[in-house]
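Colleague: Going by my numbering, the sequence shown opens with residue 32, and the numbers climb by one from there.
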Amino acid sequence: MRILLIEDDAQLREQTKLALQKQNLTIDTAADGKEGLYLGLEYPYDIAVIDLGLPLMPGIDVIKQLRANDITFPILVLTARGRWQDKVEGLDAGADDYLVKPFHFEELSARIHALARRASGWSNPILSCGSITLNPSSQITMNGDIEVDLTAYEYRLLHYLMLHAGEVVSKTTLADHIYEQDHDRDSNVIEVFVKRLRTKLDPDK
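#1: Return helix, strand or coil for residue 33, following the three-state DSSP convention.
#2: When you compare each of 138, 106, 86 to residue 150 by their alpha carbons, which one comes out closest?
#3: From residue 171 to residue 80, what does the alpha carbon distance come to, in whole angstroms?
#4: Looking only at DSSP bridge pairs, what is residue 178 linked to?
#5: Could you compute how far the alpha carbon of residue 117 sits from the alpha carbon of residue 83?
#6: What number of angstroms, rounded off, separates the C-alpha of residue 163 from the C-alpha of residue 230?
#7: What are the start and end residues of the alpha helix (DSSP H) that includes residue 91?
#8: Where DSSP assigns a beta bridge to residue 80, which residues make up the other side?
#9: Around the Cβ of residue 195, are there at least 16 other Cβ atoms within 10 angstroms (buried) or fewer (exposed)?
#10: Which same chain residues, not among the five before or five after residue 147, have their C-beta less than 8 Å away from its C-beta?
#11: May I have the straight-line CA-CA distance separating residue 54 from residue 143, to the nearest angstrom?
#12: Using the beta-carbon count (16 or more within 10 Å), is residue 73 buried or exposed?
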């Protein structure tokens, strides 16, 4: 598995690279947003790990540019900002998951492998519920004949809810699925994206 690591802290970048290499992962690194964006656009990575506080180009802008150029590999955000609003900002830009600094390398590794498992499992049959259809292979969501533009995080929420259509799904259950690790389970983040999903899927309400 080939990982793109974009982190401006030289010590943390090197420590993270060495820790992941011990797990037989191939790691390419960048020290600023512009270099990271170039690598992300030029080479076929399996996952990107992107710090938000980057020089030359903020991590949020790197993520937005990657997604705008149809780069679909999973993105894990590293952030020193613990507020739920900051987490929403990263996920809203197109990230798939986030990890708050300081973190344990074991947790970072677990998150990377969880994202890889999800990515490899996106060849499931098309899901449908009422007028809503979700294609896990193309990650395209339709409401009738209209394509619904979802962030990666919104897509993951909807995918899980459609797999459990007709069931009552609690915020705790959603957190167990979305986060997978016993850390920082922020129900505010889930509430924000559930509300956005409702608005996008039924804008007339």
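Where a beta carbon is used, it is the ideal one built from N, C-alpha and C, also for glycine.
Fair warning: this is a prediction, and the values are worked out from it, not measured in the lab.
Modeller: Straight from the coordinates:
#1: strand
#2: It is 106.
#3: 24 Å
#4: 173
#5: 10 Å
#6: 13 Å
#7: 90-99
#8: 36, 107
#9: exposed
#10: Counting only Cβ-Cβ distances below 8 Å, and skipping sequence neighbours, we find 32, 77, 78, 105.
#11: Near 11 Å, if we compare the C-alpha coordinates of residue 143 and residue 54.
#12: exposed
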